[in-house]
Amino acid sequence: MAKRLIPSFNRILVEKIIPPSKTNSGILLPEKTPKLNSGKVVAVGPGARDRDGKHIPVNLKEGDTVLLPEYGGTEVKLGITYTEMMTSWEPFMTEFCGCGTGE
């Protein structure tokens, strides 16, 4: 039986995207190339409550691709995959969008 981690409150679970070390045509990429710290949202908590008790939903959903802060979050190992547990209010967390590409 597969186990699944369900975040609580406004937390999200993000799987880091590891950039390829070689192109499709077989060219090896240098290690010094700038790497974009991004990840895919794999689980989302139900949201948080404000002081008045109103529900504040998380504005991300499973499958979204996000930019991650260099530091922050808690590393969690699920099976053989390492993921990051973060709050949806982490600084610099930005969702990629297909702006201008028809997506």
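For what it's worth, our numbering labels the leading residue of the sequence shown as 103, then goes sequentially. Every residue gets a Cβ at the ideal spot worked out from N, C-alpha and C, and that includes glycine.
Do you know how far the Cα of residue j is from the Cα of residue i?
i, j, result
"residue 177", "residue 154", "32 angstroms"
"residue 180", "residue 145", "12 angstroms"
"residue 164", "residue 127", "31 angstroms"
"residue 134", "residue 123", "11 angstroms"
"residue 130", "residue 121", "12 angstroms"
"residue 117", "residue 171", "13 angstroms"
"residue 125", "residue 166", "24 angstroms"
Answer with buried or exposed for residue i, where buried requires no fewer than 16 other C-beta atoms within 10 angstroms of its C-beta.
i, result
"residue 112", "buried"
"residue 109", "buried"
Distance cutoff 8 angstroms, beta carbons only. Does residue i sit that close to anything in chain D?
i, result
"residue 152", "Structure shown: chain D not included; a single protein chain is present."
Starting from residue i, follow the beta strand (DSSP E) in both directions and report where the run begins and ends.
i, result
"residue 176", "176-180"
"residue 118", "113-118"
"residue 141", "140-146"
"residue 125", "Note, residue 125: premise wrong, no beta strand (DSSP E); not H, not E."
"residue 170", "Looking at the DSSP string, residue 170 is not in any beta strand (DSSP E), and its letter there is neither H nor E."
Is the beta carbon of residue j closer than 8 angstroms to that of residue i?
i, j, result
"residue 149", "residue 114", "no"
"residue 169", "residue 139", "yes"
Just to check my reading of the structure: residue i and residue j have Cβ atoms closer than 8 angstroms, yes? What is that Cβ distance to the nearest angstrom?
i, j, result
"residue 142", "residue 119", "6 angstroms"
"residue 188", "residue 174", "6 angstroms"
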